[in-house]
Structure formats: C-alpha cells, structure tokens
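Sequential numbering from 26 applies to the sequence shown in my numbering. Here a beta-carbon is modelled for each residue, glycine too, at the ideal position from N, C-alpha and C. So the structure is just underneath, and the comments pick up after that.
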Amino acid sequence: MEAVLPGGQVDLGPALGVLKARSTWIATGHTLATASVGTLIAVLIGLTLALLVGLTDIRGRKALTFCALLPAMIPPQVTALAWAQLFGPASPLLNTLGLAPELGSPNPLYSAGGIMVLLGVQHAPLVFLSLRAGLRALPRDLVEAARACGAGRGRVLATIILPVMMPPLVAGAAIAFVSAVGNFGIPALLGIPAGYTVLPTLIYQRLAGFGPAIIGETAVLSVIVGLVAFSGLALQGLALRGRDYRLSGSGAALEPFRLGRWRGAVEALVVALMLVMVAAPLVGLLATSLVTAYGVPLGPATATLGNYAEVLLRQDMTIRAFRNSAAMSLGAALLLSCLTVPLGVLLVWRKSRLLRLVSAAADIPYALPGIVLGIAAILLFLKPLPLLNFSLYNTIWIIFLAYLARFLVLELRPVVAGVSQLDPALDEAARMTGAGFLFRLRTIVLPLVAPMAAAGAILVFMTAFNELTVSALLWSAGNETLGVAVFNLDDAGRAPLAAALASVTVVVILAVMALGSMLAPRLPKGALPWTD
C-alpha cells in the first residue's frame with residue numbers, strides 16, 4: 026500500500042496510482058449501483074414475506090419460512106450458476122421445454138441488471154430474518170388498541186406496524202447492503218464474462234495478474250471496499266437518529282390479519298415467487314448437470330450421470346476440493362465449539378473491559394467484506410512467522426485461519442445466548458465445593474450449553490463448506506475449495522461439470538438443514554434461523 030524510502034520517508038505513489046486509476050472509480054460506481062439496487066430488491070422481497078408470515082393467516086408458515094431463507098443458505102456462486110444456466114439460450118431445461126431464446130442471443134443474467142436481481146434474491150433472507158424478529162417483539166397492546174378504535178388493517182399497518190418496525194427494517198437493509206458490497210460469487214460469475222467489474226472482482230483480477238506492486242494496490246482497493254461497506258452502516262445510524270423507538274407492552278403473538286377471500290390468491294402468488302426464486306433455478310441447475318453437453322435438451326438420448334461420476338470419482342481437483350472443504354468446515358465448526366464455550370462463560374459471568382473488547386473484535390471479521398479479510402490475511406501471513414521461519418501463504422492453513430476468524434461470531438453468539446440463560450448460582454455452588462474451572466465447565470456448563478453450541482456449529486459448517494469470497498484470494502494449487510472448484514469449472518467453460526458439483530453441494534446443504542430441523546426440538550427457540 027505504501028513503501029518506505031531509504032531516508033525513512035513514506036512513498037505514497039502506489040496508493041495514489043490506485044486512487045487516480047479510472048478503473049478504480051468505475052468499479053466503485055458499479056459496486057454502489059449493484060449493492061444499492063440489490064438492497065432495494067432485497068427489502069421489497071424480505072418485507073413482503075415477513076409481513077405475510079408474521080401478520081397474516083397465510084397457510085404453510087414453516088414451509089414458507091424455510092423456502093424464504095434457502096437462498097441465503099445456498100452459496101452465491103451456485104445461485105449465479107443456477108440462474109445463468111436456467112435463462113440462457115443454451116439452457117438445457119428451456120431447450121427441453123421449447124422455451125429457450127434464439128441461439129446467439131445474449132444471456133440476460135450476464136449484465137448489471139442480472140447482478141442486481143440476484144444480489145436482491147440472495148440477501149432478501151437477511152431482511153426477512155431481521156423483520157421477523159422485530160414482528161415477534163411487536164407489543165400486542167398497540168395493535169389491539171388501534172383495532173379497538175376501529176382502525177382498519179391498512180391503517181394499522183401504515184401508522185403503527187411499519188413505523189415501529191423501522192429499526193429492524195433499516196438494520197436488515199444495512200446488513201443486505203454490506204453483504205452485497207462484499208459479494209464476490211455473483212459479480213464474478215455474471216459480471217466478469219460481461220466485462221462488468223465491481224471492487225471485489227477488480228481485486229481478484231489484480232491479484233491474478235501478479236506483479237511487484239499488486240499486494241499494495243489490492244490493499245488500497247480493499248480499504249475502499251471497507252469504506253463503501255461501512256457507509257451502509259453509517260446510513261443506518263443516520264436513518265434512525267433523532268427518533269425514539271423504545272417500546273413497552275407485551276410481545277405476545279398477535280391475532281393474525283385474516284386475508285379472507287384473498288388468501289388463495291396471495292398464497293398462489295407466494296408459491297409462484299418461491300418457484301421463481303428457489304425451485305426453478307435449482308431445477309435448471311439439475312438439468313444442466315444431467316446432459317452430455319451444455320446446450321442440448323435433456324432427454325433419454327442425452328441424459329447421463331457421467332458428470333457426477335467425473336466430479337466425485339475422477340477429477341483430482343474436485344476430489345481435493347471436497348476433501349479440503351469438508352475438513353476445514355468440520356474442523357472450524359469443532360474447534361470453534363471448543364473455544365467459544367469457555368469464552369462465552371467468561372464473557373457472561375466474568376465481565377471486564379478486556380472481555381468486552383474481545384466480544385466486539387469477534388464481530389469485525391464477519392462484518393467486514395470477505396474480500397477485505399482475504400487481503401488482510403495475505404498481508405499478515407505473507408512473510409514467514411516469527412521464530413518459526415515458516416510462511417502460511419500458499420498453504421491450506423491460511424484459508425483455515427481465515428475461516429476461524431470470519432465464522433467465530435456464528436458460534437460465539439449462540440453460545441453466549443445459551444450461557445446467559447443459565448443461573449450463575451450453579452457455577453457458584455460448584456466453586457464453593459472446590460471444583461476447578463475446567464471441571465465446572467465440563468460437568469455443569471457444557472451439558473446445558475451443548476445444544477446452542479451444536480446449532481452454532483451447524484451454521485459454521487454450512488457457511489464454510491461452500492465459502493468462495495475469502496478462499497478465492499487465498500487458494501493455491503492443491504488447496505482448492507468447493508467454491509473455487511465450481512468457479513474454476515464454470516470459468517473454463519465446463520458447465521455440466523460445474524452444475525454437477527454445485528448440485529452436490531446443494532444436496533449437502535439441504536441434508537445439513539434437515540439434520541438441524543430434526544434436532545430443533547432439543548434446541549432453544551430461534552437457535553437455527555429456518556426453524557421456529
């Protein structure tokens with residue numbers, strides 16, 4: 026980012042060169058545009074679904090919640106791949122149905138508009154989750170008082186519910202914006218083929234170009250990414266400043282708004298939305314994975330399982346990617362579980378300024394865009410470690426350490442919530458009998474907090490298993506991850522293989538979500554976002 030001259034002066038030339046480059050500000054403008062429009066789409070989708078699930082008598086709430094959250098559980102590169110293979114002129118599914126556009130026509134997803142739409146779909150669950158939590162805490166007294174005064178549903182919604190829900194709505198929008206700024210998978214798969222560059226893909230392309238000044242230049246670019254992302258959080262504070270949103274009253278479940286004769290039509294529209302957002306792209310991905318060549322219709326003569334055999338049994342790169350991703354995601358989940366239980370006890374029961382700083386620091390790697398964390402890991406581990414004279418750069422360990430830092434908060438927050446529900450008197454009684462900290466931890470805390478630790482471990486595994494943004498910058502030959510493997514196969518024009526590999530990862534994610542749902546009765550309410 027800067028160089029030190031022999032006289033001790035700092036050379037800002039590389040940084041100024043990046044700031045003066047036209048490509049930097051084109052990518053910055055593209056990032057702001059796609060993230061802003063994507064956030065608007067996410068708010069529209071998330072707000073609509075949250076109001077329907079939280080306030081009305083719509084049927085199938087559990088299934089709707091599961092489907093509404095599924096886009097966030099599927100990796101962005103898989104989302105982009107599925108949508109691109111569904112709507113392009115070479116789509117096997119559309120060719121089978123006779124609905125494919127004319128050959129040679131452009132794929133509408135390879136554009137700024139395609140990136141915006143998919144960023145909205147990908148991050149709508151973040152807005153949905155934030156609003157659903159807010160609606161559950163909505164004081165029932167306010168709504169019942171308005172109804173008793175004769176206010177209709179529309180008036181109650183416009184004058185009470187939406188104003189009171191402004192904090193969770195703004196918070197969800199801010200999180201969606203930050204996530205969209207740092208999203209690499211969607212702009213990479215859809216933007217690079219179209220020549221549309223955002224800051225994360227510009228950093229990736231610069232790193233791929235090598236050169237003596239590359240690390241410094243990408244460090245400057247990563248700072249710009251961080252500033253753009255945190256501008257969304259600053260706007261969140263400005264949007265809520267000067268207003269008092271404190272509430273009093275019961276947060277008990279509201280009497281649902283009855284849709285009456287409109288219920289069937291509303292349910293049909295919601296089902297259609299879920300089909301477009303979730304089912305159709307995944308069916309398109311499955312169809313591509315089953316054909317012998319991309320562009321041919323799916324039928325008895327072209328259907329094959331050879332693509333699955335290739336990626337699971339014969340391709341060295343994909344086999345390594347499965348092994349690496351499974352080992353790192355499982356290892357991160359287990360190690361973070363072991364670390365966060367004692368840390369959670371200290372944070373809740375041994376309050377101190379240092380521990381509060383540790384808790385706040387745990388949020389930073391997850392709040393930062395993944396591309397920024399990747400650059401930070403490169404800068405930190407590029408040189409050999411002190412005393413050990415061993416560099417982690419270009420090894421799988423740099424990816425693993427980045428995973429630990431990035432996903433620590435996913436494990437820590439559920440554990441802290443679990444410890445907060447425990448009575449400290451249990452620990453104090455054991456301490457009075459002379460029991461040591463480790464013994465109390467093993468015999469008292471761990472059995473009670475284990476369900477929350479398991480819920481956090483599930484979230485860590487699911488998120489790390491298909492991670493791309495961090496590993497796209499840190500991977501090296503022999504250390505590929507599943508996210509990198511899917512991206513590389515698609516980039517090499519091997520669409521059926523990329524689709525097969527992506528389909529397998531989706532099956533793994535769905536299986537883990539199903540396992541979590543089976544464990545839900547033993548978990549505290551809200552431990553897993555897709556369960557009630």
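Checklist line | Cβ neighbour criterion (16 or more within 10 Å) applied to I424 | finding: That one is buried.
Notebook entry, point to check: What residue does the alpha helix (DSSP H) around K87 start on, and which one ends it?
Noted result: Here the alpha helix (DSSP H) through K87 covers 86-98.
Next item on the list: Could you tell me which residues DSSP pairs with F282 in its beta bridges?
Entry: T81.
Next item on the list: Answer with buried or exposed for R456, where buried requires no fewer than 16 other C-beta atoms within 10 angstroms of its C-beta.
Entry: Burial is judged here by how many other beta carbons sit within 10 angstroms of a residue's own beta carbon; R456 has fewer than 16 and is exposed.
Note to self: Could you compute how far the alpha carbon of L355 sits from the alpha carbon of F486?
What the structure shows: The alpha-carbon atoms of L355 and F486 are separated by roughly 6 Å.
Item checked: Alpha-carbon spacing of T556 relative to T90, whole angstroms -> Pairing T556 with T90, the inter-Cα distance amounts to about 8 Å.
Notebook entry, point to check: Taking the alpha helix (DSSP H) that P150 falls in, what are its first and last residues?
Noted result: Boundaries of the alpha helix (DSSP H) harbouring P150: 137-161, taken from the DSSP string.
Next item on the list: Rank P546, L540, V509, L544 by C-alpha distance to the C-alpha of L106 and give the top, closest one.
Entry: With distances taken between Cα atoms, L106 lies closest to V509.
Item checked: 7 Å CB neighbourhood of I211 in its chain, flanking five on each side removed -> P101, T104, A105, I140, L143, L144, Q147, listed in sequence order.
Margin query: Please classify R465 as buried or exposed, where buried requires at least 16 other C-beta atoms within 10 Å of its C-beta.
Written below: Its Cβ being crowded by 16 or more others within 10 Å, R465 is buried.
Item checked: Neighbour-count burial assignment, G257, 16 or more Cβ in a 10 Å radius -> It counts as buried.
Next item on the list: Could you spell out the range, first to last residue, of the alpha helix (DSSP H) harbouring A517?
Entry: Counting along the chain, A517 falls outside any alpha helix (DSSP H), and DSSP gives it neither H nor E.
Next item on the list: Just confirm the distance between the C-beta atoms of A489 and F432, as a whole number of angstroms; I'd bet it's less than 8 Å.
Entry: So it is a contact: roughly 6 Å between Cβ atoms.
Next item on the list: Measure the alpha-carbon distance for M353 versus P131 and round it to whole angstroms.
Entry: Each residue's Cα considered, the two are about 38 Å apart.
Item checked: Rounded C-alpha distance that separates I228 from S247 -> The alpha-carbon separation between I228 and S247 amounts to approximately 7 Å.
Check: Using the rule of at least 16 other Cβ atoms within 10 Å of the residue's Cβ for burial, across every protein chain shown, is G289 buried or exposed?
Finding: Looking at its Cβ environment, which holds fewer than 16 other Cβ atoms inside 10 Å, G289 is exposed.
Margin query: Once the 5 residues before and after G207 are set aside, which same chain residues still bring their CB inside 8 Å of it?
Written below: When the five nearest sequence neighbours on each side are left out, the beta carbons in the same chain lying within less than 8 Å of the beta carbon of G207 are those of P225, V250, A254, L393, P394, G395, I396, V397, T494, in order along the chain.
Check: Would you call L372 buried or exposed, if buried means 16 or more other Cβ atoms sit within 10 Å of its Cβ?
Finding: By the neighbour-count criterion, in which a residue is buried when 16 or more other Cβ atoms sit within 10 angstroms of its Cβ, L372 is buried.
Check: By a C-beta neighbour count over all protein chains shown, 10 Å radius and 16 as the cutoff for buried, is I389 buried or exposed?
Finding: Flag for I389 reads exposed.
Check: Less than 8 Å separating the beta-carbons of V336 and L526?
Finding: Cβ atoms of V336 and L526: closer than 8 Å.
Margin query: Checking the sheet assignment: what are the DSSP bridge partners for V316?
Written below: The bridge partners DSSP lists for V316 are A328.
Checklist line | Length at least 4, wholly inside the segment 355-394: the alpha helix (DSSP H) runs in chain order | finding: The qualifying runs are 378-392.
Notebook entry, point to check: Residues in its own chain within less than 7 Å of A195 by CB, not counting five upstream and five downstream?
Noted result: A quick correction: the sequence has Val, not Ala, at residue 195. Close CB contacts of V195 within its chain, under the 7 Å cut and outside five residues either way in sequence, are with Q261, A264, L265 (chain order).
Check: Taking the alpha carbon of K550 as the point to measure from, which residue in A158, T327, C92 has its own alpha carbon closest?
Finding: Taking only the C-alpha atoms, the option nearest K550 is A158.
Next item on the list: Express the C-alpha separation of R178 and R286 in angstroms, rounding to a whole number.
Entry: Annotation: R286 to R178 spans about 15 Å, alpha carbon to alpha carbon.
Check: In whole angstroms, what is the alpha-carbon distance linking I240 and L473?
Finding: Roughly 46 Å between the two C-alpha positions.
Check: Would you call the CB atoms of V152 and L72 closer than 8 Å?
Finding: Yes; because the gap between Cβ atoms is below 8 Å, this pair is in contact.
Check: My guess is that P476 and L548 are in contact by the Cβ rule of under 8 Å, so how many angstroms apart are they, rounded?
Finding: Sure, about 5 Å apart at Cβ, within 8 Å.
Checklist line | Touch test, the segment 84-98 against the segment 299-318, Cβ-Cβ under 8 Å, three pairs minimum | finding: Yes, since at least three Cβ pairs between the segment 84-98 and the segment 299-318 fall closer than 8 Å, the two stretches touch.
Next item on the list: Mark L540 as exposed unless 16 or more other C-beta atoms lie within 10 angstroms of its C-beta, in which case mark it buried.
Entry: Of the residues assessed, L540 falls on the exposed side of the cut-off, its CB having fewer than 16 other CB atoms within 10 angstroms.
Next item on the list: May I ask you to report which of helix, strand or coil DSSP gives L128?
Entry: Reduced to three states, the DSSP call for L128 is coil.
Item checked: Buried/exposed call for M538, threshold 16 Cβ in 10 Å -> Answer is buried; the Cβ neighbour count reaches 16.
Check: What separation, rounded to the nearest whole angstrom, lies between the Cα atoms of E27 and L41?
Finding: Residue placement at E27 is flagged as unreliable, the pLDDT there being 48, under the threshold of 50; the coordinate-derived value follows with that caveat. Their backbone Cα atoms lie some 9 Å apart in a straight line.
Next item on the list: Go ahead and pull the three-state DSSP assignment for R456.
Entry: In this structure, R456 counts as helix in the three-state DSSP scheme.
Next item on the list: Please name the residue in A401, A430, L429 whose C-alpha comes closest to that of Y418.
Entry: Closest option to Y418, Cα to Cα, is A401.
Margin query: Give me, in chain order, the residues of the same chain whose beta-carbon lies closer than 7 Å to that of P546; leave out the 5 immediate sequence neighbours on both sides.
Written below: Within the same chain, P546 has no close Cβ partners at all.
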